[in-house]
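In the working numbering, the protein residues as written are 933 to 1406.
Glycine included, each C-beta is placed from N, C-alpha and C at the ideal position.
All figures in this text were calculated on a predicted structure; none of them were measured in a lab.
Encoded as structure tokens, the structure appears first; notes follow it.
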């Protein structure tokens, strides 16, 4: 007797249930659109991040609206949490990403240092005068720690990394021309005049810091696309005509941002630019020490001369910036970059001396400073018209608010990035991203010495972005 053919429901070949089949289709759809979603999301986040810093003034100079202090609440921090939420959701249907995440959480030393710093910041609130402000600062750090973890994992795929670089650098395409136009008396109704005490994106300092931190990344993209064009096969050149155009675009953005930095006359940004311009050729030369050749020496000398010409030429074009820098050099301590900061720093050291372990509480420096404004020397910048709210030195402010231990952990975390860049920079397969990352790390370190980027929205986000760029590399 002929046997009946096996049905899908027979024990030998059990059929998939409709529910499981539907779940499989959903997972396949999610995987299909996952890369496009995160590529667009990361690009939009880094492209739009500087936008809320535009401060609105009327043409007569009267305030129309201001978003200088609001982006941390209306865009950056909620957006960071949203990206982290989608990243966690994606782990359910992306097993490879889940494995990388577990490995990162278990093995990454940078994350452990960051969480230890976060714990010390939370512990410092036990003695804080105003705990509400401290809790707000903790929430901000929590949001960016989530973003750091998500980006460090996602950057393992180069398309996500380049989406962030493209978004970061293309934002220069909007702000640099607007800022340059203002310098030539083209006053736009929603932007502050660059000749006054402020410039594009609000106050002058954050604008210049934004520019000097993004300069190296724009230069990297210009070089990256140029190298891609050079390495294409001859038969593919006709189809790759867009590569040199992209290279020229980012080279132009680099030059516009450089010009814009000197227009702002912000000394911390110019000092950061000069120092990493000096150190960059040396870092390049040391990184190539295993294959030193006439070509390597020639590239180093050419880069040094080009950077020197750009800086000297910019100082020659903008006499106000040159005069301000010369006053800083000739009159150290009065109208220099150390102007007034000596009082902030001296009084802050007294604060650290009285609270060495836990500090005065995260976010509480401004509330404790009036008690110390005369400890070292009377702060002439603190009176009925002006109240100092930041120490103008992120290292000292961290030690004063969270204790010396927190500062040590922070220096280990930050120093780790330089170590990784140094280590990866000795290998050709690590990619040229090590060079711009080195410059941005140097710039951020110098700005933290004289200003307060860790207390501000965009630059604080950029700090965690640099951590993610440094930690993603194997």
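Open item on the list: Could you compute how far the alpha carbon of residue 1289 sits from the alpha carbon of residue 1330?
Closed with: 12 angstroms
TODO: Quick one: grab the DSSP three-state call for residue 1144.
DONE: helix
Open item on the list: Give me the residue from 972, 1064 and 1336 with the minimum Cα distance to residue 1086.
Closed with: 972
- [ ] Note down, one range per segment and in chain order, each alpha helix (DSSP H) of at least 4 residues found wholly within the stretch 1040–1071.
- [x] 1041–1056
Task: The alpha helix (DSSP H) enclosing residue 1195, as first and last residue numbers - done: 1174–1196
Open item on the list: Using a Cβ-Cβ cutoff of less than 7 angstroms, which residues in the same chain neighbour residue 1077 once the five nearest sequence positions on both sides are dropped?
Closed with: 1046 and 1050
- [ ] Can you give me the Cβ contacts of residue 1092 inside the same chain, cut-off strictly under 7 angstroms, excluding the 5 residues immediately before and after it?
- [x] 970, 971, 974 and 1086
Open item on the list: Beta-carbon within less than 6 angstroms of residue 1053's beta-carbon, same chain only, minus the 5 sequence neighbours each way: which residues are those?
Closed with: 1294 and 1334
Open item on the list: What does the Cβ neighbour count give for residue 1326, buried or exposed, with the cut at 16 atoms within 10 Å?
Closed with: buried
Open item on the list: Give me, in chain order, the residues of the same chain whose beta-carbon lies closer than 7 angstroms to that of residue 1151; leave out the 5 immediate sequence neighbours on both sides.
Closed with: 1186 and 1368
Task: Cβ neighbours of residue 1189 in the same chain (closer than 7 angstroms, five flanking residues each side left out) - done: 1104, 1108, 1143, 1146, 1147 and 1150
- [ ] Using the Cα positions of residue 1323 and residue 1074, report the straight-line distance between them to the nearest angstrom.
- [x] 23 angstroms
- [ ] Work out the CA separation of residue 1382 and residue 1041 for me, nearest whole Å.
- [x] 28 angstroms
TODO: Quick one: residues in its chain with C-beta nearer than 7 angstroms to the C-beta of residue 1394, no 5 flanking neighbours on either side, listed in chain order?
DONE: 1145
Task: Helix, strand or coil at residue 982 [DSSP, three-state] - done: coil
Open item on the list: Tell me the DSSP secondary structure of residue 1296 in three-state form.
Closed with: coil
Task: Alpha carbon of residue 1154 to alpha carbon of residue 1161, nearest angstrom - done: 11 angstroms
- [ ] Please list, in chain order, all residues of the same chain as residue 1225 whose beta carbon is under 7 angstroms from its beta carbon, the five residues on each side excluded.
- [x] none
- [ ] Rounded to whole angstroms, what's the CA-CA distance from residue 966 to residue 1336? Just pull it up for me.
- [x] 43 angstroms
TODO: Please classify residue 1180: is it buried, with 16 or more other beta-carbons within 10 angstroms of its beta-carbon, or exposed?
DONE: exposed
Task: Segment limits, alpha helix (DSSP H) that includes residue 1227 - done: 1226–1249
TODO: Within 10 angstroms of the Cβ of residue 1205, are there 16 or more other Cβ atoms? Answer buried if so, exposed if not.
DONE: buried
Task: Per-residue DSSP class, three states only, for residue 1397 - done: helix
- [ ] Return the chain-ordered list of same chain residues with a C-beta closer than 8 angstroms to the C-beta of residue 1384, the five sequence neighbours on each side being excluded.
- [x] 1322, 1323, 1324, 1325, 1326 and 1329
Task: CA-to-CA distance, residue 1184 to residue 1238, given in whole angstroms - done: 15 angstroms
TODO: Might you give, ordered along the chain, the residues of its own chain that have their beta carbon closer than 6 angstroms to the beta carbon of residue 1201, omitting 5 neighbours on each side?
DONE: 1140, 1141, 1144 and 1193
Open item on the list: For a test of the three-state rule: what should DSSP assign to residue 1304, helix, strand or coil?
Closed with: coil
TODO: Can you tell me which of 1029, 1101 and 1068 puts its alpha carbon nearest to the alpha carbon of residue 1412?
DONE: In the structure displayed, the chain extends from 933 to 1406; residue 1412 sits before or after that span and is not available.
TODO: Pull up the distance between the alpha-carbon of residue 1203 and that of residue 1098, whole angstroms please.
DONE: 26 angstroms
Task: Residues of its chain near residue 1084, where Cβ-Cβ distance is below 7 angstroms and the 5 sequence neighbours each way are ignored - done: 1036, 1400, 1403 and 1404
TODO: Measure the beta-carbon distance from residue 1234 to residue 1291 and round it to whole angstroms, keeping in mind my assumption that it falls under 8 angstroms.
DONE: That pair is no contact at about 48 angstroms.
Open item on the list: Between residue 1367 and chain B, is any beta-carbon pair separated by less than 8 angstroms?
Closed with: Although the question refers to chain B, the structure presented lacks it and comprises just one protein chain.
Open item on the list: On the CB-based measure, 16 or more other CB atoms within 10 Å of its CB, does residue 1302 come out buried or exposed?
Closed with: exposed
Open item on the list: Buried or exposed, going by whether 16 or more other CB atoms sit within 10 Å of the CB of residue 1379?
Closed with: buried
Task: residue 1368 - containing alpha helix (DSSP H), residue span - done: 1366–1382
Task: residue 1373 vs residue 1398 beta-carbon contact at 8 angstroms - done: yes
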